[in-house]
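Here is the structure we will look at.
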Amino acid sequence: MSTLTEGTIPTQGGGAPLVITSGPNVLQRNRWWILRVLVLPVHILVFTVLSFIMVRSMPGDPVLNLLGQNYTPEGYAELQTQLGLDGSLWNQFQNYLGQLLTLDLGNSIATGRPVLTELSERLPQTLELAGLGLFFAVVASTVAALFAVLRPANVVSRAVRVYARTAGALPEYVVAIAALFFCYAVLHVVPAPVGRLDPALPPPTTVTGFPLLDTVLQGYWQATASMLGHLVLPVVVMVIAHSALLTRMLLAGLDEAVDNPQTRFRIASGAKRSAVVVSMLRRAAPPAVTTTGTLFGYLLGGAVVIESLFGLSGLGGYAVDAVSSSDVMAMQGFLLVIATLSLLVFLAVDLVNMSVDPRRRPGLGGSSS
Amino acid sequence: MSVMTDVLVQAVGISRTFGHGRTAHPALHPTDLEIGPGTSLGVVGESGSGKSTLSRLLVGLDTPSSGRVEFEGRNVVELLSTQTGRADFRRAVQFVGQDTTSTFDPLRTLRDAVLQPVLRLTGHRGAAANRLVDETLERLGLDPALGDRKPAQVSGGQRQRFSLARGLVVQPQVLVCDEVVSALDVSVQGRILNLVKDLCAEQGTGLVFVSHGLPATAFVARDLVVMQSGRIVERGTSEQLLSAPEHPYTQSLLAAYSRGKRVQETS
Amino acid sequence: MDSVEPVLEVEDLSITYGTGTAAVQDVSFTIGRGERVALVGESGSGKTTLGLAVAGFLTVPGVRIEARTLKVHGADVATSSNSRLPVRTDGVAMVFQDAMTSLDSVWSIGSQLAAVLSNGRKRSRGGIAELSRDWLRRVGLTDTERVLKAKPYELSGGMRQRVMIALALCSEPKLLVADEPTSALDASLARTTMELLLELTSTVGTSLLIVSHDMELCAEFSDRVLVMHRGLMVDQAPSNALDAPERHPYTRGLLECIPTLDKARLHHLPTLDEATIASWTTEKASA
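Residue numbers (my numbering), protein chains in the order written: chain B, 507 to 875; chain Y, 8 to 274; chain F, 11 to 297.
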């Protein structure tokens, strides 16, 4: 532990020596994120157990679904074994865990194809949609909140504050239907909600699996334009429905940051205006960053609704189908993937927060004087 | 140093360390101290000297890491774990601190705050209790109408006087004050210092006055201890320490205040 | 006083919060180049409000500033703006009482210095780094590399104070306003801080306005003392003659109240009460 030396003028008596965490023990210093990463698989395991129990407790028999009305007990037993649904629940769970370790999520009961394959076809589509929604929601909220705080007398600022307080109460499907009604049915400014792409255009070849990205990578600009056109309304709906929460968090954080003595001294010392605003944002960021993580969770869930209303393909549609056909393997796979995604997002949020604000790291920081 | 006739609270080898392991910080090294109704003691030191830690240990607001504090022969830590013990102790030893905002219930009137200790710690009730409160407030120069206000509705100086009233109303045997004038305007400080000195003399209350302001402390108290880095470095009467300090730290403290003479000497 | 334009010119300045009574009423004074002036008063005197207004921090909605003249180095000081974020007066810097709460806690000292040094003037990164190290040395810090990389909570209290002063002075302001720089400090540290402020402002050529309730300490470290009470400026006096007979009774009364070592032997300390003060301040005295 090394101490910083001071000039010749003596310090106040009795203070504890201060600490600078320089030099040795990289492991100690990085403990804060290493631990968080290590505990992730444990969480996933716990969720696997819970989702298994939940799904298997649901009413509906997948075997019966496939067999239909007339069946024989032998035929039932045969199909059951074929599908891997025989034996005790505990046995089935053990088998399932064993399969998971080889990243095998089993086969869909409805289609017979591996669940992992089906999910990996659809996951990028939903991720792209939710990602676009998140990105624009963050941008819109940040701009709106900054403006509202810095120019309080402006009428736009007041509108932003009202929106932040009330719009969060509007569910997505209400906003979506209203938007579709006005923009499509009445004003005809957006294309029909029947998917991502104009039906006349052939789909892009799969490179990454992310539809919009694929069109860009291939230089398939016609498709890019068409997709953007189809995605405008869904994204706008997501932004309107979900930005309110984020804006509220940012407004609260920024309102506090403006009056903060640290901001005041920044200005008093003559720092550049941009530096002052950035430092305010950084201070206001942590609760907003956590909210962004939660927001992503909402967006993923809302993807089911958005995908249905706008006719977009993705995980949402897959899950809905799986439920109606009692496809337990597909459901389990879906839940597991969504949960792992969410956990990863929460981990990322925590890590960003702790790196942005060192005071939040467990173990480091703290003053002495 | 004057002889203590009546020892009420005795601190034997008390020390206090905060934190543990690498971040352990010894705020107070083993110290002995005796106080009683005849005490008139000032505790002077800069921040980090351990003076506040010492005062809190003496009144049982903190537990020593080593050593013990005894009240009439009984261990204070054990005493405070029983209701009767607590009442006995608080009846005899009162503490008034610097913070007047968080130590008052913001929803109750100030008069109520002063009445509470009377009801809790003494046998006085009803008219007798109210009379006691009135007398104390009057003695502290507080307009009774102020008592109907909430803590946030009066000035810092007035709040501090109510805080002192709360401490003195039960007529304790010892009053421990920690930085009670430091946050106040200079014009108000003199009044409160005068009051503390007079009231303790009148009521026969022992006084322990903790502060980083040497002149104010030397004024209020007859005896003085000087603290540095968790230790008492010099003890004596105020008169002795002001005129002939022995320890270099005491001398440097005096040097920091001697500018006062310069201003007064102009003609 | 030389004929060079004064650094700060104030004439008939009044400041009101909301619709209440004025926090500062009809105040007039000037500060010349290189002068050290103390603005002294008790709580409610308006001294802090005055200091903030001069630095440009009261341009927020809800505060009304009216003045015949309010100029820093010949340029008018802004009295209002439509931005919630105050714009500091050009050429005026300010330091506050507590360095711990003033320094930005999530940024390194180096980046905070850079934010100031890169404002306005075009400087290279190397130039900024060199200047930063230079300023840290000037305030008495020797381990400059470590300090530049450190965050405020990693430094001791004394070092934070020096960093705060370095940050305020590195933009080379014409006037430094220090708001209660010694109020939270022990006597010896208070003197050290004042000595540091004085030494640095004189080498940079910055005038100094100290806002404080410690009249004695201020008198020792300033050329002139301005005394305020309830928004009025009741006295303007040279620091070495604060108890002269021509002084305002409030000034002398305050001086008498200060607990000094020789007063420790008195039976009772002298006091000031509101009624007496009120009778004095009805006759407004101005220099």
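Virtual Cβ for every residue (Gly too), placed ideally from N, Cα, C.
Which residue spans inside the stretch 16–99 of chain Y form an unbroken alpha helix (DSSP H) run of at least 4? Within the stretch 16–99 of chain Y, the complete alpha helix (DSSP H) runs of at least 4 residues are 58–65, 83–86 and 90–99.
Count the other C-beta atoms from every protein chain shown that fall within 10 angstroms of the C-beta of L23(F), then say buried if there are 16 or more, exposed otherwise. As a position in the third sequence, residue 23(F) is number 13, starting the count at 1. That one is buried.
Give me the chain Y residues within the contact set of R201(F), using Cβ-Cβ distance strictly less than 7 Å, ordered along the chain. Here the question's residue 201(F) lines up with position 191 in the third sequence. Near R201(F) (Cβ distances below 7 Å), the residues of chain Y are A263.
Bridge-paired residues (DSSP) for V215(Y): Taking the second sequence and counting its residues from 1, one reaches residue 215(Y) at position 208. V215(Y) has L48(Y) and V183(Y) as its beta-bridge partners, per DSSP.
Determine, using beta carbons only, whether E15(F) comes closer than 8 Å to chain B. Numbered from its first residue, the third sequence carries residue 15(F) at position 5. Closer than 8 Å: no.
Buried/exposed call for Y824(B), threshold 16 Cβ in 10 Å: Within the first sequence, the letter at position 318 stands for residue 824(B). With 16 or more Cβ atoms within 10 Å of its Cβ, Y824(B) is classed as buried.
Residues in the same chain with beta-carbon distance under 8 Å from L126(Y), minus the five sequence neighbours each way, listed in chain order, please. Sequence index remark: in the second sequence, residue 126(Y) carries index 119 (1-based). Here the set comprises R132 and A136.
Cβ closer than 9 Å: which chain B residues qualify as neighbours of A178(F)? Position 168 of the third sequence, counting from 1, holds the residue named residue 178(F). Neighbours of A178(F) in chain B, taken as residues whose beta carbon is under 9 Å from its own, are F771, A774, S775 and G776 in chain order.
Can the beta-carbon of V738(B) be found less than 8 Å from the beta-carbon of V782(B)? Residue numbering aside, residue 738(B) sits at position 232 when the first sequence is read from its first letter. Residue numbering aside, residue 782(B) sits at position 276 when the first sequence is read from its first letter. No; because the gap between Cβ atoms is not below 8 Å, this pair is not in contact.
Interface partners of K273(F) on chain Y, CB under 7 Å: As a working note, residue 273(F) is residue 263 in the third sequence. Within 7 Å Cβ-Cβ: P222 and F226.
So, helix, strand or coil for L801(B), using DSSP? Along the first sequence, one-based indexing puts residue 801(B) at 295. Helix at L801(B).
Can you tell me which of the three DSSP states E76(F) falls into? The count along the third sequence starts at 1 and reaches residue 76(F) at position 66. E76(F) falls in the strand class under three-state DSSP.
Count the other CB atoms within 10 Å of the CB of F688(B); is the residue buried (16 or more) or exposed (fewer)? Within the first sequence, the letter at position 182 stands for residue 688(B). F688(B) is classed as exposed because its beta carbon has fewer than 16 other beta carbons within 10 Å across all chains shown.
Compute the beta-carbon to beta-carbon distance between M238(F) and G51(F), rounded to the nearest angstrom, for a pair I have assumed lies under 8 Å. If you number the third sequence from 1, residue 238(F) lands on position 228. If you number the third sequence from 1, residue 51(F) lands on position 41. Confirmed, about 4 Å.
How would you list, in chain order, the residues of chain F whose beta-carbon sits under 8 Å from the beta-carbon of E53(Y)? Position 46 of the second sequence, counted from the first residue, corresponds to residue 53(Y). Per Cβ cutoff of 8 Å: D196, A197, S198 and L199.
What are the residues in the stretch 87–101 of chain F lying within 8 Å of chain B by C-beta distance? Residues of the stretch 87–101 of chain F that bring their beta carbon within less than 8 Å of a beta carbon in chain B comprise N92, S93, R94, L95, P96, V97 and R98, in sequence order.
Looking at the C-beta of H219(Y), does it have a partner C-beta in chain F at a distance below 8 Å? Residue 219(Y) sits at position 212 when you count from the first residue of the second sequence. Chain F, which has a Cβ nearer than 8 Å to the Cβ of H219(Y), makes this yes.
Where in the stretch 183–266 of chain Y do unbroken runs of the beta strand (DSSP E), each at least 3 residues long, occur, reported from the N-terminal end onward? Whole beta strand (DSSP E) segments, 3+ residues: 213–218, 230–235 and 238–244.
Bridge partner(s) assigned by DSSP for H277(F): In the third sequence, counting from the first residue as 1, residue 277(F) sits at position 267. The partner list for H277(F) (beta bridge, DSSP) is empty, contrary to what the question assumes.
Roughly how many angstroms lie between the CA atoms of P705(B) and L629(B), to the nearest whole one? By 1-based counting over the first sequence, the position of residue 705(B) is 199. By 1-based counting over the first sequence, the position of residue 629(B) is 123. If you take the alpha carbons of P705(B) and L629(B), they lie about 22 Å apart.
Spatial neighbours of L195(F) in its chain, beta-carbon cut-off 8 Å, leaving aside the 5 residues before and after: Counted from its first residue, the third sequence places residue 195(F) at position 185. If you ignore the 5 residues before and after L195(F), its C-beta comes within less than 8 Å of the C-beta of T203, all in its own chain and listed in chain order.
The beta strand (DSSP E) enclosing T40(F), as first and last residue numbers: For the purposes of this step, residue 40(F) is identified with residue 30 of the third sequence, where counting begins at 1. DSSP places T40(F) in the uninterrupted beta strand (DSSP E) bounded by A32 to I41.
Note the first and the last residue of the continuous beta strand (DSSP E) segment covering L195(F). For this step, residue 195(F) is matched to residue 185 along the third sequence. Annotation for L195(F): no beta strand (DSSP E) segment contains it, and DSSP assigns it neither H nor E.
Spatial distance of V713(B) from D720(B) (CA atoms): Your numbering for residue 713(B) matches position 207 in the first sequence. Your numbering for residue 720(B) matches position 214 in the first sequence. Using only the alpha carbons, I get a separation of about 6 Å.
CB contact check: H258(F) to chain Y, cutoff 8 Å: Locating residue 258(F) in the third sequence gives position 248, where the first residue counts as 1. By this cut-off, H258(F) is not an interface position.
Per DSSP, what are the beta-bridge partners of R46(F) in this structure? Here residue 46(F) refers to the residue found at position 36 of the third sequence. R46(F) pairs with L218(F).
Any beta carbon from chain F within less than 8 Å of G26(Y)'s own beta carbon? Reading the second sequence from its first residue, position 19 is the one you call residue 26(Y). Residue contact with chain F for G26(Y): absent (no Cβ-Cβ distance below 8 Å to any residue of chain F).
For the beta strand (DSSP E) that L23(F) lies in, which residues bound it at each end? Sequence index remark: in the third sequence, residue 23(F) carries index 13 (1-based). DSSP places L23(F) inside the beta strand (DSSP E), whose first and last residues are L18 to Y27.
What does the Cβ neighbour count give for V87(F), buried or exposed, with the cut at 16 atoms within 10 Å? Indexing the third sequence from 1 puts residue 87(F) at position 77. Under this definition V87(F) is a buried residue.
Is there contact here, the stretch 803–816 of chain B with the stretch 830–838 of chain B, by at least three beta-carbon pairs under 8 Å? As far as the Cβ criterion goes, the stretch 803–816 of chain B does not touch the stretch 830–838 of chain B, which means the pair count is below three.
Using Cβ-Cβ distances below 8 Å, what residues of the stretch 61–75 of chain F are close to chain B? Residues passing the 8 Å Cβ filter: A65, F67 and P71.
So, R170(F) versus V47(F), is the Cβ gap smaller than 8 Å? What you label residue 170(F) is simply residue 160 of the third sequence in a count that begins at 1. What you label residue 47(F) is simply residue 37 of the third sequence in a count that begins at 1. The answer is no: Cβ separation not under 8 Å.
Quick one: what's got a C-beta closer than 6 Å to Q258(Y)'s C-beta in the same chain, skipping five residues either side? Taking the second sequence and counting its residues from 1, one reaches residue 258(Y) at position 251. Around Q258(Y): P252.
To which residues of the same chain is G120(F) closer than 7 Å at the C-beta, ignoring the five residues directly before and after it? As a working note, residue 120(F) is residue 110 in the third sequence. Taken in chain order, the residues that qualify are S142, L158 and K159.
Checking 8 Å against the spacing of the C-beta atoms, do Y256(Y) and P222(Y) come in under that value? Sequence index remark: in the second sequence, residue 256(Y) carries index 249 (1-based). Sequence index remark: in the second sequence, residue 222(Y) carries index 215 (1-based). It is not a contact, given that the beta carbons lie outside the stated cut-off.
Going by beta carbon distance, what residues of the same chain come within less than 8 Å of A673(B), once the five residues before and after it are set aside? Looking up residue 673(B) in the first sequence gives position 167. Hits under 8 Å: I746, A747, S749 and A750.
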